[in-house]
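There are 4 protein chains.
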Amino acid sequence: MNRREFLSAAASVGAAGAARESLAALAHGTQSGAPAVAAQKLDIHTHHYTQGFFEKIRQNGGHFSFTTDPNGRPIITYDGARFFGIQPPMTDVSKRLEDMDRVGINVAVVSLSTPNVFFADAKGQPDVAKMMNDAYADLIAKNPKRFKAFASIPMDAPDAALAELHRALNDLKLNGVILLSNIRGAALTDPRYRPFFQEANRMKVCIFLHPMIPVASEPFKEYVLGPIIGFPFDTTLAVARMCFDGMLKDFPDIKWIIGHAGGAVPFLMERMDSGYRDFAETKAKIDQLPSFYLKRLYYDTVTFNPYNLHLLRDEVGADHMLMGSDYPHLLGSIDKAVSSIEALAIPAAEKQRIFGGNALSILNNV
Amino acid sequence: MNRREFLSAAASVGAAGAARESLAALAHGTQSGAPAVAAQKLDIHTHHYTQGFFEKIRQNGGHFSFTTDPNGRPIITYDGARFFGIQPPMTDVSKRLEDMDRVGINVAVVSLSTPNVFFADAKGQPDVAKMMNDAYADLIAKNPKRFKAFASIPMDAPDAALAELHRALNDLKLNGVILLSNIRGAALTDPRYRPFFQEANRMKVCIFLHPMIPVASEPFKEYVLGPIIGFPFDTTLAVARMCFDGMLKDFPDIKWIIGHAGGAVPFLMERMDSGYRDFAETKAKIDQLPSFYLKRLYYDTVTFNPYNLHLLRDEVGADHMLMGSDYPHLLGSIDKAVSSIEALAIPAAEKQRIFGGNALSILNNV
Amino acid sequence: MNRREFLSAAASVGAAGAARESLAALAHGTQSGAPAVAAQKLDIHTHHYTQGFFEKIRQNGGHFSFTTDPNGRPIITYDGARFFGIQPPMTDVSKRLEDMDRVGINVAVVSLSTPNVFFADAKGQPDVAKMMNDAYADLIAKNPKRFKAFASIPMDAPDAALAELHRALNDLKLNGVILLSNIRGAALTDPRYRPFFQEANRMKVCIFLHPMIPVASEPFKEYVLGPIIGFPFDTTLAVARMCFDGMLKDFPDIKWIIGHAGGAVPFLMERMDSGYRDFAETKAKIDQLPSFYLKRLYYDTVTFNPYNLHLLRDEVGADHMLMGSDYPHLLGSIDKAVSSIEALAIPAAEKQRIFGGNALSILNNV
Amino acid sequence: MNRREFLSAAASVGAAGAARESLAALAHGTQSGAPAVAAQKLDIHTHHYTQGFFEKIRQNGGHFSFTTDPNGRPIITYDGARFFGIQPPMTDVSKRLEDMDRVGINVAVVSLSTPNVFFADAKGQPDVAKMMNDAYADLIAKNPKRFKAFASIPMDAPDAALAELHRALNDLKLNGVILLSNIRGAALTDPRYRPFFQEANRMKVCIFLHPMIPVASEPFKEYVLGPIIGFPFDTTLAVARMCFDGMLKDFPDIKWIIGHAGGAVPFLMERMDSGYRDFAETKAKIDQLPSFYLKRLYYDTVTFNPYNLHLLRDEVGADHMLMGSDYPHLLGSIDKAVSSIEALAIPAAEKQRIFGGNALSILNNV
């Protein structure tokens, strides 16, 4: 499905907008007597792997170890703390398509989750990134109507990072980039990454910000608190730093999708604004309230909770929400991805934007 | 302000939409570091009169009489029931502009309230309509940036109705039409009005449906219940009949703005749907749930109540809400028109559509 | 189930309140480690009839006629307009209990719907009321845990009205009274009914206000608009008159339950307040904003619509909402009665009050 | 104001509840014609210090240093990260009373914020706690109608902790206890603290959980991120650990008030539930979904954000929300404490519970 096909579908069901010319066209469709046609559904938070990827992690060693959980299922630990459980559909495309069909998802925008390529050091990252981006391009070539993908970037190898960004978006035609909330412990605001973001801004890249376990992981070891609590914390910290550090101000054309409904960003937005009002230290690099920048970001719906989804809709708007599932990871749910949005008592046009319209408006190469 | 100027303003503040091409342009503006520019505000429910109009009513007599209320203010009664209190700003343009400036309203889309031209019979209506439409065109000519207008139509004179529709929209360049919820007691679904609606549909006319007191006005005589309760009832009845009668289905290109937040339509929408599900009689002329048609209508915000405004936003969407004041009538409020929307805890982009973006997308000749 | 049993159940699930002594007790239950126990569910808007009742209407004639709808089902018309469709469970107790069990309703608070006893004149009403109230007392005696009932009152026979009120509540131990929104065309504010309301206030009676078709029924003849639109209109008009006439002020101890989520009262509450602010005529008999009185009323949930239910919760509070089904009438739904509340994203304690806690706090003889 | 006085006020304004006996009394008040009487307002998150306290910190040294911020105002740092700015009203009672009067707060429930007594080691804590609890008792004695207080507890000195708990609540009649989200780096779930919680549970103590800067404070050094982001993180982590560790299950009679609207607990509640469903490790010590325990906690309103306050009301209920200001700290606001609740479009009875009714139902010695 390309943009034109989507709009043709969307036009029948009433996705509206402020731009008059489009509205005129849409209104015609909206007001025809024809029954509504279902809009396309894209899942922008879903993870696909290859056996070769897991093999690379195993060979690499370091912080990461393979072991099993209390139920005997294979998991990966980071310094002993569980943060990744391996599920069969992670590498099984036909099982994935079956699940997508069951819940009515048209397109999976796949990406490489934690640890992404960052289990490897600067030297090793480029090869892993190339291998995975090629695998994604191959997946799309075989199922062009069912898959899109975010590229992985070897951030610690500056030249390779830029080269892979260009190759992935310009040659492989992937649809954006995935980054983690910290890069081997470094903040995204680290000056060494600035040239990458400068170029991403120039290219108007869509970047999916995915959580990583916090650098100080010790407090999260028990009760799987790493993924449950540490992930949203690290996401929030990464966004807060980019905001106060001026990155969101300086690179306004990057389209950021923040995973897991923003971690805790939406709930702490007001506190960041209060910080800006009350502390001179926070005004060094920005000249608007943090919420000014934070409301321009996009947030996935991987929370599945009506209270959170309503908060997002009221605070940042349905135009800034995108459906995600975190499939096939634990804590994720491809069923709830769709049903949690369907269940909201909000206008159908807003649901359609969350299901797919917004994604198609910010992804690259659509 | 024309459409282009509005969009240029809106682009800076983030009014988003589903149409990709526009979004691309808008997104650029949205994400620039520049502070937000306030969008334009249009008041689509506000009434302007001339002394000549009141004189015509007085000469006409019939159901209508001039008298005074308990506070000594001039009022008009219908069969003895109060339904119109005369206020100085009704004919005082400079007082009106002063009030608009005070609350930040850029454009008043004026119209002729009850009894509109319908105090006169079929023979008398065309002259009153011409007189008033000319007066409105004159008002706009003198203040092109501050006024737009809905034309009055002599509905009971079929040929004159069509002629005045063409003259008002094509020659005078007025911005739509105002109709009452009943026309001298006749329903808008009366077959005699069908040719008018057929042509209005062809011309994609924006029609502002304004309440009239119910035909059986006796139960509303006490406590000013005519305007308080009778008005929203008659609006609701008119819309329900147009819906079940198939008019909304057959004439999908008319852009209806329903006054006073739809009367009670939004609160009774589900009951109309239940009626469609349960009674064969309701399916004779439509083939979708009533809500399918009712959610395509537009609703003004002349309720000022956060509960009602939230219900509208959740049920029909901010894209289908338009700011109104009912100025300078009692029960109306030009202050609350703006403040009631400002006070909503919803995204700024949605407020901007309610303030003006939606109006500019459906008014004629903008 | 009596009040004590309910509270003992409710204590386990956390129905909270402002009264400290009760809270202390409740908190203990709330915070025990025990899993939540489901609270009791009462349906306060559900109708039970006897064959004898339909026979009385048939014998009486007058405005009411028996005929069939387009699907061949038996219906009653009022001056030719459909307003009552006869369904088997109306007289079939075992079918009703089966449906209650299916959806988890513990207690049906049955009542006699339109035309209630008011198809008969003042002379005939007392006998019909006695017959039906006895039938209800009998139904409860046979199923004491599953039924409660509102008594019918022969309002047009003043002495009999008071006598039946005393008999029904004091002897038969029925749980309140049902009244229609108009009594054979007379408003409830008619002075002739004042002695009844005076005594009802003294006795702190719970009165269920049920809609009747408007006196001027002509505009509602098509598309079953009588029940769909006329019912909520007449409810709204009745409440508005009682409010402005001072009845709600003068008789504050009557506990009013307004059927069908208040008709359109919740949506028009602000307009009534605006009327009070703007018109001297509205202040003759009350000295608070209408909403002051209207928020003290109770509203059933026979709308099933999440938008309306949220509006009610936000405007009058979950403490003033009571579950109803309008079973087994068309437009009603015993399934939606429960599921529409279950589906709300609100605290469980509020749902329990809507399901039953509020009813038990205002019904008589519990 | 004691409990009786509050109820007498609350009865006039309609705070309702599930307990029938109280409801009967309340309903009478609610439905009387008398205009509403404003309920009492208690601020449960507000901090009072003495010069002696600051002197103790200065003498103690260690992690804490006194310095000034970029504006020259005195601040305290923790390992170099700013986390405490000294404001004049922190020690000025008459300025505080003036501010309370200005916004209409009747009672300040004062407490000792971070670092509380925990800048001192186990040996030093008891004396600091005694000194401050005595100072609070003295403050209350001088202004019995305007102050209540949470006691500080020397948690690292087990015997002294129990002794001070008894002295503070039984002798000084303080109204609960304040604890920090970590105690000199130790989790509240540390087994050494269990005897204290066992006794607190037996005594049904109200414990105000106040944030502390996370143990690993390094990532929060820039942009005052410690208080802005670190505080809510540490609160969330502390609550999550108490939940999964079974403390909330095992000690159900402790009434926990979680500061800053729960940190990020309300937004991450669903993710904790998903964790419980998906990971065996999380079920070791609890047998209900985390939300079962988390919804029994109380949350202050020190977020001031309508989106967050609505989320709280929808998820945990107005019965579990308590007004706080964090006065006179930066990030806090005594004005917004009241105005943010007043501005919510929710029933007045719910506001009154948030303003004070809930506090009086869980505080000790009221």
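Protein chains in written order, with my numbering: chain B, 27 to 392; chain S, 27 to 392; chain F, 27 to 392; chain L, 27 to 392. We put the beta carbon where it would ideally sit given N, CA and C, even for glycine.
Across the stretch 308 to 340 of chain S, CB contacts with chain L closer than 8 Å involve P332, Y333, H336, in sequence order along the chain. If you look at B/P258, you'll find it in the alpha helix (DSSP H) that goes 257 to 270. Sorting F/C232, F/D276, F/T327 by C-alpha distance to the C-alpha of F/V392 places F/C232 at the top. In the three-state DSSP reduction, B/I367 falls in the helix class (H, G or I). Under the Cβ criterion of 8 Å, F/G288 is not counted among the residues facing chain L.
Interface with chain S (8 Å Cβ-Cβ cutoff): F/A266 is included. Only residues of its own chain outside the window of five on either side were considered, and among them G130, I131, N132, V133, M349, V364, F381, G382 have a CB closer than 8 Å to the CB of F/K67, listed in chain order. Within the same chain, Cβ atoms closer than 6 Å to the Cβ of L/L195 are found at N390, the five residues on either side in sequence being excluded.
Among the residues facing chain B, L/P217 is not included, as its CB has no counterpart in that chain under 8 Å away. When DSSP states are grouped into helix, strand and coil, L/R172 belongs to the coil group. Taking a contact to require three or more Cβ pairs closer than 8 Å, the stretch 157 to 171 of chain F and the stretch 87 to 103 of chain F do not qualify as touching.
The closest CA to that of S/F80, considering only S/I112, S/G256, S/V265, S/H336, is found on S/I112.
For the stretch 225 to 251 of chain F, the set of residues with a beta-carbon nearer than 9 Å to any beta-carbon of chain L comprises K230, in chain order. Taking 8 Å as the cut-off, the beta carbon of S/D260 is found closer than this to the beta carbon of S/P240. For F/D147, no alpha helix (DSSP H) run applies, since DSSP gives it neither H nor E.
Setting aside the 5 residues that flank it on each side, F/E225 is surrounded in the same chain by L188, L191, each with a C-beta closer than 7 Å to its C-beta; the list follows chain order. The beta carbon of F/D345 lies closer than 7 Å to those of R379, N384 in the same chain, with the five residues before and after it left out. Around the beta carbon of S/Q151, 16 or more other beta carbons sit within 10 angstroms, so the residue counts as buried. Per DSSP, S/L195 is not a residue of any alpha helix (DSSP H), being assigned neither H nor E. Chain F places no beta carbon closer than 8 Å to that of B/A107, leaving this residue out of the contacts. Between L/F318 and B/V250, the gap from beta carbon to beta carbon reaches 8 Å or more.
When Cβ pairs closer than 8 Å are counted between the two stretches, the stretch 325 to 345 of chain F is seen to touch the stretch 328 to 343 of chain S, the count reaching three or more. Within the stretch 295 to 308 of chain L, those residues whose Cβ lies closer than 8 Å to any Cβ of chain B are, in chain order, M295, E296, R297, M298, S300, G301, D304, F305, A306, E307, T308. Per DSSP, F/V135 is one residue of the beta strand (DSSP E) stretching across 133 to 137.
For B/G111, the three-state secondary structure derived from DSSP is strand.
DSSP places F/S300 inside the alpha helix (DSSP H), whose first and last residues are 291 to 304. Judged by DSSP secondary structure, L/S91 falls within the beta strand (DSSP E) whose first and last residues are 90 to 94. Restricting attention to B/F110, B/G88, B/D105, the CA atom closest to the CA of B/D95 is found in B/F110. Apart from the 5 residues on each side of it in sequence, F/K281 sits with its Cβ closer than 6 Å to the Cβ of C232, I388 in its chain, given in chain order. Straight through space, the alpha carbons of B/T327 and B/I283 are spaced by roughly 10 Å. For S/I102, no alpha helix (DSSP H) segment is defined; the enclosing uninterrupted segment is the beta strand (DSSP E) at 100 to 104. It is roughly 21 Å from the alpha-carbon of S/D125 to the alpha-carbon of S/H286.
At a cut-off of 8 Å between beta carbons, S/A371 contacts chain L. Each residue's CA atom was taken as its position, placing B/A371 and L/D276 some 38 Å apart.
In the DSSP assignment, B/I372 falls outside any alpha helix (DSSP H) and carries neither an H nor an E.
In terms of beta-carbon proximity, S/V133 stays away from the interface with chain B, with every pair separated by 8 Å or more.
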